[in-house]
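Protein chains in written order, with our numbering: chain X, 1 to 111; chain P, 1001 to 1115. Beneath this line is the structure, given in structure tokens, with notes to follow.
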Amino acid sequence: SQQGEEDPQALSIQEGENATMNCSYKTSINNLQWYRQNSGRGLVHLILIRSNEREKHSGRLRVTLDTSKKSSSLLITASRAADTASYFCATGGGSNYKLTFGKGTLLTVNP
Amino acid sequence: DGGITQSPKYLFRKEGQNVTLSCEQNLNHDAMYWYRQDPGQGLRLIYYSQIVNDFQKGDIAEGYSVSREKKESFPLTVTSAQKNPTAFYLCASSTTGTGGAGELFFGEGSRLTVL
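Shown next as structure tokens:
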């Protein structure tokens, strides 16, 4: 079964706008990670946030984590056409190294 | 350059045949993973390995087998018992330590089509 579930499934915006994607999960986690995938390619790691962190930034990316609500959000500011991709959240918990992915959000940034 | 190499990129198989997908990493990572991706399904974990000579089933291990004889290599065999093997297969690796899985590094994937 998949742990994380992204919302929305698809998002279409104009260049320069901000894009927000959400991820909800069900059980306790050690960390939550966000990945990006261009069509037909492997995934690329964007950012990792630990369970004791609430917010993290990396360039135009901002990730928040609310463990009480079991949810996370990924904000991409000032989006570009090159940001067009699928974005996945992944969660890991316990003493093993199993990492479970959601179904992803397909982001389309129109020039 | 360090990274993960998957081969072949495209593979065609007849029903009833076993096929093996290769995954090699030179990142000196202990943990390695195999995921399957179907349209609209996201990534589903097939098998993962935290150390050489040890591996665990993921969520959809039936019809698949793996081995981890070397740190650098984690091949996946899709057996004839896998009822619907047509999919995009992704291999990944990560460091291990406290706090669970770290950042995963992915290969470029292998697309398997059953004819």
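Ideal Cβ positions, reconstructed from N, Cα and C, are used throughout, including at glycine.
Alpha-carbon spacing of residue i relative to residue j, whole angstroms
{"i": "Q14 of chain X", "j": "L99 of chain X", "result": "32 angstroms"}
{"i": "Q2 of chain X", "j": "R1044 of chain P", "result": "Interpretation of Q2 of chain X is limited by its pLDDT of 47, a score under 50 that renders its predicted location unreliable; no figure is taken from the coordinates."}
{"i": "S72 of chain X", "j": "S28 of chain X", "result": "13 angstroms"}
{"i": "K1057 of chain P", "j": "P1075 of chain P", "result": "14 angstroms"}
{"i": "C23 of chain X", "j": "G92 of chain X", "result": "14 angstroms"}
{"i": "A1061 of chain P", "j": "F1055 of chain P", "result": "11 angstroms"}
{"i": "G1016 of chain P", "j": "S68 of chain X", "result": "48 angstroms"}
{"i": "I49 of chain X", "j": "L65 of chain X", "result": "7 angstroms"}
{"i": "E53 of chain X", "j": "C89 of chain X", "result": "16 angstroms"}
{"i": "E1072 of chain P", "j": "V1066 of chain P", "result": "13 angstroms"}
{"i": "R1140 of chain P", "j": "G59 of chain X", "result": "Any answer about residue 1140 of chain P is impossible in this case: the structure gives chain P only from 1001 up to 1115."}
{"i": "E55 of chain X", "j": "G4 of chain X", "result": "18 angstroms"}
{"i": "A81 of chain X", "j": "Y1047 of chain P", "result": "35 angstroms"}
{"i": "L1090 of chain P", "j": "L61 of chain X", "result": "25 angstroms"}
{"i": "K1009 of chain P", "j": "Q1082 of chain P", "result": "20 angstroms"}
{"i": "D1038 of chain P", "j": "L1112 of chain P", "result": "11 angstroms"}
Classification of residue i by the beta-carbon crowding that lies within 10 angstroms, buried from 16 upward
{"i": "K103 of chain X", "result": "buried"}
{"i": "E6 of chain X", "result": "buried"}
{"i": "R36 of chain X", "result": "buried"}
{"i": "F1105 of chain P", "result": "buried"}
{"i": "G1107 of chain P", "result": "buried"}
{"i": "F1012 of chain P", "result": "exposed"}
{"i": "P1085 of chain P", "result": "buried"}
{"i": "I1051 of chain P", "result": "exposed"}
{"i": "S39 of chain X", "result": "exposed"}
{"i": "Q1041 of chain P", "result": "exposed"}
{"i": "Q9 of chain X", "result": "exposed"}
{"i": "T1020 of chain P", "result": "exposed"}
Per DSSP, cross-strand counterpart(s) of residue i
{"i": "I1046 of chain P", "result": "Bridge partners of I1046 of chain P: none, in fact."}
{"i": "V1078 of chain P", "result": "P:V1019 and P:Y1064"}
{"i": "Y1010 of chain P", "result": "P:R1111"}
{"i": "R36 of chain X", "result": "X:V44 and X:Y87"}
{"i": "G153 of chain X", "result": "Examination of residue 153 of chain X is not possible in this model, given that chain X is present from 1 through 111 alone."}
{"i": "T1086 of chain P", "result": "Beta-bridge pairing links T1086 of chain P to no other residue."}
Contact belief for residue i with residue j at Cβ below 8 angstroms, rounded distance in angstroms
{"i": "H45 of chain X", "j": "E1103 of chain P", "result": "5 angstroms"}
{"i": "T77 of chain X", "j": "N18 of chain X", "result": "5 angstroms"}
Enclosing beta strand (DSSP E) for residue i [first to last residue]
{"i": "Q1125 of chain P", "result": "Residue coverage of chain P in this structure runs from 1001 to 1115, which leaves residue 1125 of chain P outside it and unanswerable."}
{"i": "K1057 of chain P", "result": "D1054 to K1057"}
{"i": "N22 of chain X", "result": "A19 to S24"}
{"i": "A1031 of chain P", "result": "A1031 to D1038"}
{"i": "N52 of chain X", "result": "Neither: N52 of chain X is in no beta strand (DSSP E) and is coded neither H nor E."}
{"i": "E5 of chain X", "result": "E5 to D7"}
{"i": "S12 of chain X", "result": "A10 to Q14"}
{"i": "L74 of chain X", "result": "S71 to I76"}
{"i": "N110 of chain X", "result": "T105 to N110"}
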